[in-house]
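Below is one structure, written out as structure tokens; the observations come after it.
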């Protein structure tokens with residue numbers, strides 16, 4: 001455990017846990033591109049699946065928590081704006097589905 005903590009630059013167990021949280025958020029963020037790529041390849045055109053927005057909001061929420069813990073104003077600002085945009089896209093998708101229900 002000490003070797004891993006040292007490799008990740010963690011001084012305490014709490015910092016190590018927060019680094020793991022940050023890495024988890026980054027993995028969620030990365031998954032959105034994988035999901036988008038797979039969906040586009042299947043459709044043979046550019047597609048933005050709903051899962052892209054769910055991975056985006058999940059990654060942004062976790063990375064925002066990590067940025068707040070690190071007290072990084074640049075990172076906080078960047079993730080805050082993204083979080084609002086991703087939530088808005090999910091809201092618009094839901095509104096469209098309510099307007100135009102599929103048979």
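Numbering (the UniProt record's numbering), first residue to last: 1 to 103. All residues carry an ideal CB built from backbone N, CA and C; glycine is no exception. None of these values were measured; they are calculated from a predicted model.
In this structure residue 76 touches residue 68 by the C-beta definition: roughly 6 Å separates them, less than 8 Å. When secondary structure is reduced to three states using DSSP, residue 31 falls in the helix class. Per DSSP, the continuous alpha helix (DSSP H) segment holding residue 81 begins and ends at 73-99. With three or more CB-CB distances shorter than 8 Å, the stretch 27-40 counts as touching the stretch 49-58.
With 16 or more other Cβ atoms inside 10 Å of its own Cβ, residue 79 counts as buried. Residue 22 counts as buried, since no fewer than 16 other beta carbons sit within 10 angstroms of its beta carbon.
When 42, 73 and 24 are compared, the shortest CA-CA separation from residue 58 is found for 24. If you compare the alpha carbons of 1, 17 and 85 with that of residue 53, the shortest gap goes to 85. Around the beta carbon of residue 28, 16 or more other beta carbons sit within 10 angstroms, so the residue counts as buried. Within the same chain, Cβ atoms closer than 6 Å to the Cβ of residue 56 are found at 32 and 86, the five residues on either side in sequence being excluded.
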